[in-house]
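Numbering (our numbering), first residue to last: 226 to 969.
One structure is given here, and the rest of the page talks about it.
Okay, here's the thing in structure tokens:
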């Protein structure tokens with residue numbers, strides 16, 4: 226035996242050594258375990274290139290001579306080795322072999338099988354939520370898994386040895402019980418099942434003592450119960466035990482000793498008479514209830530409860546419960562108790578006597594209702610300057626409220642069940658004494674409610690005048706007879722809201738936008754509230770001046786003026802004014818042609834924007850200078866070498882002029898020196914018609930285009946120009962007159 230054991234250990238060492246060698250020479254081929262049972266190991270391996278078959282060998286490490294050999298084709302990549310020994314370590318080797326039988330790669334692992342399958346000897350239930358299982362120990366097992374299955378649901382638990390208990394089960398339920406053995410290698414297959422049923426649940430008792438010599442029990446039905454057994458005996462062990470069997474769910478034990486503690490036990494049994502869990506409860510029986518109970522309110526806020534003494538009563542407990550559910554009590558050895566009380570409550574009073582045996586039964590329950598509370602938390606909302614709606618928080622116990630408002634000269638009264646009252650026909654800006662009393666049928670009238678003083682809102686002001694104080698300022702005056710008030714004037718329009726405030730009779734609205742329409746109203750404010758607004762008065766501000774104004778000279782005496790629209794403006798009056806005269810235009814458009822303009826003149830530019838109602842805004846803009854005057858008396862003279870001199874009479878010697886000749890054979894321009902009145906243009910081709918324009922030069926833009934144009938026809942006579950002596954004729958035509966000039 227010792228030699229066999231030595232050989233086994235040597236073999237295990239050799240296999241582990243070989244495993245390390247194989248792994249060190251691994252070429253990507255491996256083997257892994259995916260399931261283990263008591264007598265089987267399931268393996269898988271990857272496909273190896275070039276392999277035509279695989280060979281798997283399992284050798285028991287601790288058992289000499291026990292090994293398995295299996296061959297598989299190249300399409301099989303997993304296998305299960307069966308007929309193994311439980312709780313045994315195996316060296317498993319997988320080899321990839323080519324078609325010539327040569328081993329291409331190999332891999333090896335060590336794996337223990339699971340312990341042998343245990344056998345259940347006994348399964349039983351002592352509690353409604355558990356089943357206990359007994360079995361024989363399995364060699365090599367380090368633990369056991371118990372499974373209780375009920376249909377598709379199951380509960381598992383792991384224990385170390387027998388017996389083991391599965392908990393968390395349902396009462397009165399049949400379970401299939403199986404067990405598996407466990408070690409480091411895995412779990413065995415489940416054992417053959419045993420059936421076991423949990424016992425019935427215990428009935429949950431509700432216990433009371435309705436009288437000094439009885440105890441009443443009740444409980445809910447128990448699943449699968451055929452009947453119930455209830456026993457009762459004194460907790461001190463004296464006397465005899467009382468037992469009742471019943472199929473009902475309630476029971477009363479009578480003729481008991483008063484003031485005595487009893488122990489009650491109950492359990493259910495099934496149709497086979499097997500008992501389930503039991504339930505234990507302790508209950509004591511009493512003294513008699515006190516009588517002649519009286520309640521009185523000896524002073525506001527205090528209740529006095531008194532009663533007659535009870536035989537065998539050592540002390541008393543008085544419970545006072547208000548109708549909102551709040552309960553207080555007092556303990557006393559006397560026959561009266563004092564309690565604090567609140568207005569508007571109904572109190573329910575009960576008195577119990579106690580001795581060593583316990584509490585007396587409930588006697589008569591009395592009730593007492595206090596007077597309703599005084600209303601509080603006044604709030605006044607002004608419907609108008611002569612009407613106030615008074616509200617308050619509803620108070621307990623009140624069926625009706627009486628509201629009275631009195632001033633020095635008048636009084637207003639209203640009754641209502643709601644916590645609100647509208648007092649009409651009140652004088653504005655007047656102080657009233659307001660009293661609200663609460664009434665109830667059960668508690669009477671509370672006459673101790675303190676009055677409160679309330680001032681009505683100020684009287685509405687009346688706007689008397691609106692006047693303009695500046696470009697964007699409006700003064701508003703009003704009339705009012707309030708003693709102490711602040712006035713707020715509001716201008717409301719599409720442009721927005723503007724306000725001004727004053728304690729006097731006027732204030733000024735500033736920064737009003739131009740070209741806007743408003744309605745102006747005023748209100749009065751005081752600590753008492755806010756008046757209704759005054760009647761609204763319309764207000765219109767002056768129209769806005771246009772932001773942009775552009776002047777464009779159309780002819781020497783006509784200028785076009787255009788501008789952007791001014792908000793609020795309907796009509797515009799545009800004026801150009803100089804010492805030489807005035808030009809004016811009135812229009813509904815945003816442009817205007819002004820005639821009778823003097824050339825070369827500085828003008829003052831102004832515009833009036835006029836609203837539909839006649840409000841006027843005077844707008845002044847940057848000055849305007851009309852263009853220089855066009856020359857007159859324009860004439861042409863021949864020069865040598867086919868040249869032409871253009872001559873004119875200037876309107877001002879300080880003006881520079883430019884001459885343009887334009888024809889089909891060319892365009893020509895010349896500009897004389899300052900103050901010059903002629904300009905020479907040489908080499909003018911004959912046989913063409915020319916348009917000649919002499920215009921003053923400007924430093925602000927292009928040449929003027931409205932100076933008069935003259936048309937001249939230059940003809941050739943004799944030989945062509947440049948071939949010999951020729952005569953140059955100039956025909957000029959202006960304003961339907963044609964002149965022929967011979968130039969020698």
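Glycine included, every Cβ here is placed at the ideal spot set by N, Cα and C.
Note that the structure is a prediction, hence the values are computed from the model and not measured.
Could you tell me how far apart the beta carbons of residue i and residue j are, in whole angstroms, since I believe they sit closer than 8 Å?
i           : j           : result
residue 612 : residue 648 : 7 Å
residue 786 : residue 813 : That belief does not hold up - the Cβ atoms of residue 786 and residue 813 are roughly 14 Å apart, past 8 Å.
residue 309 : residue 283 : 7 Å
residue 342 : residue 433 : Their Cβ separation, rounded to whole angstroms, is 56 Å, which puts residue 342 and residue 433 out of contact at 8 Å.
residue 736 : residue 697 : 5 Å
residue 712 : residue 733 : Contact flag wrong, Cβ pair sits at about 13 Å.
residue 319 : residue 256 : 4 Å
residue 402 : residue 368 : Between residue 368 and residue 402 the Cβ distance is about 17 Å, and since that is not below 8 Å, they are no contact.
residue 344 : residue 373 : In fact, because the Cβ distance is near 17 Å, the residues do not count as touching under 8 Å.
residue 863 : residue 905 : Contact flag wrong, Cβ pair sits at about 11 Å.
residue 859 : residue 888 : In fact, because the Cβ distance is near 16 Å, the residues do not count as touching under 8 Å.
So what's residue i in DSSP terms, helix, strand or just coil?
i           : result
residue 276 : coil
residue 448 : coil
residue 935 : strand
residue 361 : coil
residue 802 : strand
residue 453 : strand
residue 254 : coil
residue 773 : coil
residue 478 : strand
residue 501 : strand
residue 374 : strand
residue 296 : strand
residue 638 : strand
residue 387 : coil
residue 839 : coil
residue 708 : coil
residue 688 : strand
Using a Cβ-Cβ cut-off of 8 Å (strictly less than) and excluding sequence neighbours within five positions of residue i, which residues of its own chain qualify?
i           : result
residue 603 : 615, 616, 617, 659, 661, 677, 679
residue 636 : 629, 630
residue 567 : 526, 547, 595, 598, 621
residue 246 : With a pLDDT of 33 at residue 246, under the threshold of 50, the modelled position of this residue cannot be trusted, and the question is left open.
residue 666 : 624
residue 448 : 396, 397, 425, 426
So, at 6 Å on beta carbons, what are the nonlocal neighbours of residue i in its own chain, with the 5 sequence-adjacent residues on each side left out?
i           : result
residue 387 : 359, 360
residue 810 : 799, 817, 819
residue 885 : 894, 918
residue 761 : 744, 746
residue 468 : 456
residue 831 : 800, 845
residue 382 : 371, 391
Leaving aside the five residues before and after residue i along the sequence, list all residues of the same chain whose C-beta is less than 7 Å from its C-beta, in chain order.
i           : result
residue 278 : 296, 297, 298, 299, 322
residue 589 : 518
residue 460 : 486, 487, 488, 507
residue 540 : 556, 557, 558, 579
residue 946 : Confidence is the limiting factor: at residue 946 the pLDDT is only 35, short of 50, which leaves the residue's position unreliable, though a coordinate-based value still follows. 867, 911.
residue 587 : 514, 575
residue 883 : 894, 896, 920, 922, 928
residue 436 : 586
Would you say residue i and residue j are within 8 Å of each other, going by their C-beta atoms?
i           : j           : result
residue 692 : residue 705 : no
residue 857 : residue 873 : yes
residue 788 : residue 827 : no
residue 430 : residue 504 : yes
residue 438 : residue 481 : yes
residue 491 : residue 454 : yes
residue 929 : residue 849 : no
residue 824 : residue 803 : no
residue 287 : residue 313 : yes
residue 218 : residue 371 : Past the boundaries of the shown model lies residue 218; the chain is included only from 226 to 969, so the question cannot be answered.
residue 253 : residue 329 : no
residue 421 : residue 450 : no
residue 821 : residue 793 : no
Compute every distance between the C-beta of residue i and the non-hydrogen atoms of the ligand FAD, then say whether any falls below 7 Å.
i           : result
residue 940 : Among the ligands in the structure shown, none appear at all, so the ligand FAD cannot be discussed.
Entirely enclosed beta strand (DSSP E) segments - the segment 397 to 428, minimum 3 residues: Runs of the beta strand (DSSP E) inside the segment 397 to 428: 399 to 408, 419 to 422.
Ignoring anything shorter than 4 residues, give me the alpha helix (DSSP H) runs that lie fully in the segment 869 to 907, in order along the chain. List check, alpha helix (DSSP H) in window: nothing returned.
Taking only runs of the alpha helix (DSSP H) that begin and end inside the segment 570 to 629, which ones reach a length of at least 4 residues, in chain order? As far as the segment 570 to 629 is concerned, it has no whole alpha helix (DSSP H) run of at least 4 residues.
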